[in-house]
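K.L.:
These protein sequence lines are chains A and B, in that order.
With my numbering as the guide, the letters of the first sequence map in order to residues 1383 to 1663.
With my numbering as the guide, the letters of the second sequence map in order to residues 366 to 694.
In this text, a Cβ means the ideal position worked out from N, Cα and C, and glycines have one as well.
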Amino acid sequence: MNGIVARRRVIDAIAQAAILLGTLIVVGFLAWILVILLIKGVGAFGPSLFTVPTPAPGSKGGLSNAIVGSLLLVGTAIMVSTPIGVLAGTFLAEYGRGTKIATAIRFVNDVLLAKPSILAGLFIYEIIVRPSGGFSGWAGAAALSIIAIPVIIRTTEDMLLLVPNSMREAAHALGAGRARVIVSVAYRAARVGMVTGVILALARVAGETAPLLFTALNNQFWSANMSGAIANLPVTIFQFAMSPYDDWQSLAWAGALLITLAVLVLSILSRVVLRNPSAKR
Amino acid sequence: MADYAEMSGKAAGASRRSPVFAFNGPIFESVFRWLSIGAAVFVLLILAGFFIALTIGAWPAIVKFGPAFVWTSMWNPVTDKYGALPAIAGTLTTSAIAILIAVPLSFAIAIYITQSAPNWLRHPLGIAVELLAAIPSIIYGIWGLFIFAPVFAQYVESPVSDFFSHVPLLSKVFAGPAIGIGMLTASIILGIMILPFIAAVMRDVIDTVPARLKESGYAIGATKWEVTRRIIVPYCRTSLAGAIFLGLGRALGETMAVTFVIGNANRLSVSLFAPSNTIASTIANEFTEAYSQMHSAALIELGLLLFIITFIVLVLARYMLARVAARGV
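As C-alpha cells, this is what we get:
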C-alpha cells in the first residue's frame, strides 16, 4: 500500500518538475531573443538611423526611407481596414446575430485570421500587381489590409457582444432606430475595446514581411510615392540580413530592434487601454 | 445602481455636446445597414477571391503538369520543369517536428499557468507567452540565422552526427554538414514560434474545466498530476487537439523565419541537417525572380496547394474547438 502511495508521489514530483522545466525553457527562449536583439540592435542605433536613407554596400547609412515607407504602408492599411472591419464586425454582432449567414462569415473570418500571410501577398500580386504592371505601395497596403481586417472584425464583434442588451432596448424604447442605437449606444459603450482591436491589428501588420515581398517590394532610395515600389522595414531587414556586408547586417539588427520595440509597445498599449477603469463597461 | 447613474449621466452629457443627432432618420438607417452587410459579404469575397485568383494564376502549370505536379521531385527553372514534392515534403516534415517540439512545451506552460504557478506569477507568465506570439516572424528569422544556428551546429549537430555516424539508417538522418542551416533548425524555430498560439488556446480550454470536477479529484486524494492526467485532459481532449491543429495551421504557412534558416535547396533529402525547402520559403525566395511564365505559375500552384492544406487543417481545428463552445461550459 505504502509502495503505491510513494510511487504516485514520485510520479507527481517528476511531472511537476517537467512542467516547470518546460515553462523555464519557453521563458528562456523569450529572454534569449530579447537580450540578443537589445545587444545587437543598440550597437547600430543612433540619430542617423532616422535621418539617412539606406546606404550602398560598404558605406554608412540609416533606415529613414524604410521607416517612412513602413509608416505609409501600415497607416494606409489601417485606414482602409478599420471601417471595413468595424462594419463587418457590426454585422456579426448586431444585424446578423444568431443567423446562419453570420455563423458562416464568422467561420470564414476565423480561417482568414490564421491563413499564411504569404498567400495574401500572392493574392494581391495576382489581382493588383500583375494587372497594374508593377510593384506599388498601394498593393503592399492592400496585402496588409487583408491581414488586418480579420483581426478588427474579431475584436469588434467580441466587444459589441459584451454590451448589455438592456442598453440597446432602452435606446429603442426612446424611439431610436437600429443604426442609431448601434452608433450612439453600442459603439459608445464598446469603443475602448474596439480601439484595442485596431491597435492589435497595427501590431500584427507592423512586422509582416511575407505579404510585402511581391507587392511593395523594396526601394534603395527615398520615396514616398505609393504608386511605385516603396522601401519598408521588414523587407529591408530581410535583404540586409541575407547580404554578406557587415554594415547592412548591423542595420538589419537595428531595424529588427526598432520593429520589435514598436510591436511590443503597441501590444502593451492595447493592454493598458483595456485595463483603464473607464473601459470596464 | 451607481453604474446606472454614471452611465445615464454620461449619455446625457454626450448627447448634448456630440453631433450624433446627424446619424438619424430612415436614410441613415438603411445606408448603415447595407454598408454593414456589404462589409460582411466582402469577407466572403476575400476568401473566394483567394481561391479564384490563385487558380487562375496557377492555370498554366495545372494544365501542363497535371496532378503529377504533387509527386514529382524535379524543380528546375532552367528546363522549366516543376514538381512540388520536395517543397511539400519539407513543409510536412518541418511542421511535424515543430508540433512534436511545441506541444509538450505549450502543454507544460499552459498547465503551469492554470494549475501550478503561484498567483503572482500567472499574470507575468501570460504576458511572456503573449510577447512570444507578438514578436514578428522576421525577428525569429534573423535570430535563428545569426545566433541560434551557429550555437546549434556546434553543440548539437556536430556531436549528434558524430554519435550516430556508425548507426545504420540514423547516420543518414543526421548526416550532412553541421552548419546549423537546414530542416531541423527550421523545425525548432517553427516550434518556438507556434508554441505561444497553442499555449494560449490550451490555457483558455483548460480554464473551462469546472472547479468542481478538479476538487472532486483532490478530495479523493489524487495528486496534481493525476488530476491533470485523469480529469483535465480527458475533459477537454478534443479542444486540446483543436489547439494543436491551430498551431499546425500556422506552422505549415510560416514563411520568413523558415526562409532564413532552411537553406533553400529544392531536393529531397533524408537528412534533417541538410538544407531543404518548404512551400512558403520556395515562394518567398523565387517569386520575384521568376522570369518565365511557367515558373511563376508553378510557384502560384504551390501557393494554391498551401491554401488547400491549411484550409483543411484550420477547418478541422475550428470544428474541434467549436464542440467545447457548444457544450456550454
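Any beta carbon from chain A within less than 9 Å of Phe-434 (chain B)'s own beta carbon?
P.N.:
Looking up residue 434 (chain B) in the second sequence gives position 69. No - not a single Cβ of chain A is within 9 Å of the one on Phe-434 (chain B).
K.L.:
Along the segment 579–593 of chain B, where does the CB come closer than 8 Å to a CB of chain A? Name the residues.
P.N.:
Thr-588, Lys-589, Trp-590, Glu-591 and Thr-593
K.L.:
Going by Cα to Cα distance, which pick from A:His-1554, A:Met-1549 and A:Tyr-1507 is closest to Ile-421 (chain B)?
P.N.:
Within the second sequence, the letter at position 56 stands for residue 421 (chain B). Nearest of A:His-1554, A:Met-1549 and A:Tyr-1507 to Ile-421 (chain B), Cα basis: A:Tyr-1507.
K.L.:
Using the Cβ count rule (16 or more neighbours within 10 Å means buried), how would you classify Pro-1429 (chain A)?
P.N.:
Mapped onto the first sequence, residue 1429 (chain A) falls at position 47. By the 10 Å Cβ count, Pro-1429 (chain A) comes out exposed.
K.L.:
Quick one: list the residues of chain A neighbouring Tyr-477 (chain B), beta-carbon separation under 8 Å, in chain order.
P.N.:
As a first step, residue 477 (chain B) is located in the second sequence; it is residue number 112 there, counting from the start. Ile-1401, Leu-1402, Gly-1404 and Thr-1405, listed in chain order.
K.L.:
Pull out every residue of the segment 1636–1657 of chain A whose Cβ sits closer than 7 Å to any Cβ of chain B, in chain order.
P.N.:
From the segment 1636–1657 of chain A, only Ala-1638, Ile-1641, Thr-1642, Val-1645, Leu-1646 and Ser-1649 have a Cβ closer than 7 Å to chain B.
K.L.:
Based on the DSSP secondary-structure assignment, which residues constitute the bridge partners of Lys-446 (chain B)?
P.N.:
Looking up residue 446 (chain B) in the second sequence gives position 81. Paired residues: B:Asn-441.
K.L.:
Are the segment 1596–1614 of chain A and the segment 471–490 of chain B touching, with three or more C-beta to C-beta distances below 8 Å?
P.N.:
They do not touch, by the three-pair rule.
K.L.:
Secondary structure at Pro-1517 (chain A), three-state DSSP: helix, strand or coil?
P.N.:
Counted from its first residue, the first sequence places residue 1517 (chain A) at position 135. Contrary to the premise, residue 1517 (chain A) reads as Phe rather than Pro in this sequence. In this structure, Phe-1517 (chain A) counts as coil in the three-state DSSP scheme.
K.L.:
Using CA atoms only, rank isn't needed, just tell me which of B:Arg-683, B:Ser-481 and B:Arg-398 is closest to Ala-1395 (chain A).
P.N.:
In the first sequence, residue 1395 (chain A) corresponds to position 13, counting from 1. Checked all of B:Arg-683, B:Ser-481 and B:Arg-398; the closest Cα to Ala-1395 (chain A) is B:Ser-481.
K.L.:
Would Leu-510 (chain B) be called buried (16 or more neighbouring beta carbons within 10 Å of its own) or exposed?
P.N.:
Stepping through the second sequence from its first residue, residue 510 (chain B) is reached at position 145. Label assigned to Leu-510 (chain B): buried.
K.L.:
How big is the Cα-Cα spacing for Pro-561 (chain B) and Ile-392 (chain B)?
P.N.:
As a first step, residue 561 (chain B) is located in the second sequence; it is residue number 196 there, counting from the start. As a first step, residue 392 (chain B) is located in the second sequence; it is residue number 27 there, counting from the start. Spanning the two alpha carbons is a distance of roughly 47 Å.
K.L.:
Does any residue of chain B bring its CB to less than 9 Å from the CB of Ala-1661 (chain A)?
P.N.:
On the first sequence, residue 1661 (chain A) is found 279 positions in, with the first residue counted as 1. Confidence at Ala-1661 (chain A) is low in this model, with a pLDDT of 46, below 50, so the placement of that residue should be treated as unreliable; the coordinate-derived value is given next. For Ala-1661 (chain A), the answer is no, since every Cβ of chain B falls outside 9 Å of its Cβ.
K.L.:
For chain B, is any of its Cβ atoms less than 9 Å away from the one on His-1398 (chain A)?
P.N.:
Start at 1 with the first residue of the first sequence, and residue 1398 (chain A) comes out as number 16. Here residue 1398 (chain A) turns out to be Gln, not His, going by the sequence shown. Contact with chain B is found for Gln-1398 (chain A), since one of that chain's Cβ atoms lies less than 9 Å from the residue's Cβ.
K.L.:
Run the CB neighbour count on Arg-381 (chain B), radius 10 Å, all protein chains shown included, and call it buried at 16 or more, exposed below.
P.N.:
For this step, residue 381 (chain B) is matched to residue 16 along the second sequence. Residue confidence is low: Arg-381 (chain B) scores 47 on pLDDT, short of 50, so the model does not pin down where it sits. Its coordinate-derived value is still stated next. Arg-381 (chain B) counts as exposed, since fewer than 16 other beta carbons sit within 10 angstroms of its beta carbon.
K.L.:
Listed from N- to C-terminal order along the chain, which residues in the segment 1459–1482 of chain A have their beta-carbon within a distance smaller than 9 Å of any beta-carbon of chain B?
P.N.:
Pro-1465, Ile-1466, Gly-1467, Val-1468, Leu-1469, Ala-1470, Gly-1471, Thr-1472, Phe-1473, Leu-1474, Glu-1476, Tyr-1477 and Gly-1478
K.L.:
Check Ala-1558 (chain A) in the structure and name its three-state DSSP category.
P.N.:
The count along the first sequence starts at 1 and reaches residue 1558 (chain A) at position 176. In the structure shown, Ala-1558 (chain A) sits in coil (DSSP, three-state: anything other than H, G, I, E or B).
K.L.:
At which residue ranges does the segment 1453–1518 of chain A contain complete beta strand (DSSP E) runs of 3 or more residues, listed in the order of the chain?
P.N.:
List check, beta strand (DSSP E) in window: nothing returned.
K.L.:
Nearest CA to the CA of Leu-669 (chain B): which residue from B:Leu-611, B:Leu-686 and B:Leu-617?
P.N.:
Working through the second sequence from its first residue, we reach residue 669 (chain B) at position 304. With distances taken between Cα atoms, Leu-669 (chain B) lies closest to B:Leu-617.
K.L.:
Tyr-477 (chain B) by DSSP, collapsed to three states: which one?
P.N.:
Translated into the one-based positions of the second sequence, residue 477 (chain B) becomes position 112. Tyr-477 (chain B): helix per DSSP, three-state reduction.
K.L.:
So which residues of chain A does Asn-389 (chain B) contact, with C-beta pairs closer than 7 Å?
P.N.:
Counting from one through the second sequence, the residue named residue 389 (chain B) turns up at place 24. Chain-ordered, the chain A residues with CB closer than 7 Å to the CB of Asn-389 (chain B) read Arg-1562.
K.L.:
For Lys-579 (chain B), name the three-state secondary structure that DSSP assigns.
P.N.:
Within the second sequence, numbered from 1, the residue matching residue 579 (chain B) stands at position 214. Of the three classes helix, strand and coil, the one that applies to Lys-579 (chain B) here is helix, per DSSP.
K.L.:
So what does DSSP say about Arg-398 (chain B), is it helix, strand or coil?
P.N.:
Looking up residue 398 (chain B) in the second sequence gives position 33. It is helical.
K.L.:
Measure the alpha-carbon distance for Glu-394 (chain B) versus Leu-465 (chain B) and round it to whole angstroms.
P.N.:
Locating residue 394 (chain B) in the second sequence gives position 29, counting from the first residue. Locating residue 465 (chain B) in the second sequence gives position 100, counting from the first residue. Each residue's Cα considered, the two are about 53 Å apart.
K.L.:
Span of the alpha helix (DSSP H) holding Thr-1618 (chain A)?
P.N.:
The count along the first sequence starts at 1 and reaches residue 1618 (chain A) at position 236. Thr-1618 (chain A) -> alpha helix (DSSP H) spans 1615–1624.
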